[in-house]
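In the numbering used here, the protein residues as written are 1 to 106.
Every residue gets a Cβ at the ideal spot worked out from N, C-alpha and C, and that includes glycine.
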């Protein structure tokens, strides 16, 4: 995998002017990049080099909150149940025009 990426990078820059090019290549076998590591990289990068909003002021970033698998599935199921509970009354108000959609969700 590493060799293939190095060959592709060399071919991509074969006919260009010499300039420094830095490539980051990761392998998940020995040193995997975790989601927490990726979130930390994003936080550090955008803390040091913040983007500007429409007024030219820097946008402050906060650390991402990452959920574990069990919390993620709990959140998704809670959100799904909430959507169903909202769609039921909406279906009654609209005289069952979205009944098929609600049935497919359940």
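* To do: Output the distance between the C-alpha atoms of residue 85 and residue 67, rounded to the nearest integer angstrom.
  => The sequence position of residue 85 within the chain shown is 85, counting from 1. The sequence position of residue 67 within the chain shown is 67, counting from 1. Between residue 85 and residue 67, the C-alpha separation is close to 24 Å.
* Starting from residue 52 and walking both ways along the alpha helix (DSSP H), at which residues does that stretch end? -> Here residue 52 refers to the residue found at position 52 when the chain shown is read from its first residue. Premise fails: residue 52 is in no alpha helix (DSSP H) and is neither H nor E.
* To do: Measure from the C-beta of residue 80 to each C-beta in chain B and report whether the shortest distance is under 8 Å.
  => Note that chain B does not occur in the displayed structure, where there is just one protein chain.
* Spatial distance of residue 63 from residue 43 (CA atoms) -> If you number the chain shown from 1, residue 63 lands on position 63. If you number the chain shown from 1, residue 43 lands on position 43. Put simply, the backbone Cα of residue 63 is about 6 Å away from that of residue 43.
* **C-alpha gap between residue 93 and residue 83, whole angstroms** => For this step, residue 93 is matched to residue 93 along the chain shown. For this step, residue 83 is matched to residue 83 along the chain shown. Between the alpha carbons of residue 93 and residue 83 lies a distance of about 15 Å.
* Would DSSP call residue 32 helix, strand or coil? -> Along the chain shown, read from residue 1 onward, the residue named residue 32 stands at position 32. In this structure, residue 32 counts as coil in the three-state DSSP scheme.
* Asked: On the premise that residue 9 lies in contact with residue 23, defined as a C-beta separation below 8 Å, what is that separation, rounded to the nearest angstrom?
  -> Residue numbering aside, residue 23 sits at position 23 when the chain shown is read from its first letter. Residue numbering aside, residue 9 sits at position 9 when the chain shown is read from its first letter. With a Cβ gap of about 5 Å, residue 23 and residue 9 count as contacting.
* DSSP-derived helix/strand/coil call for residue 58 -> Within the chain shown, the letter at position 58 stands for residue 58. Looking at residue 58 - three-state DSSP - the assignment turns out to be strand.
* To do: Whole angstroms is fine: what's the gap from residue 32's alpha carbon to residue 61's?
  => As a working mapping, residue 32 is identified with position 32 in the chain shown. As a working mapping, residue 61 is identified with position 61 in the chain shown. C-alpha separation (whole angstroms): 25 Å.
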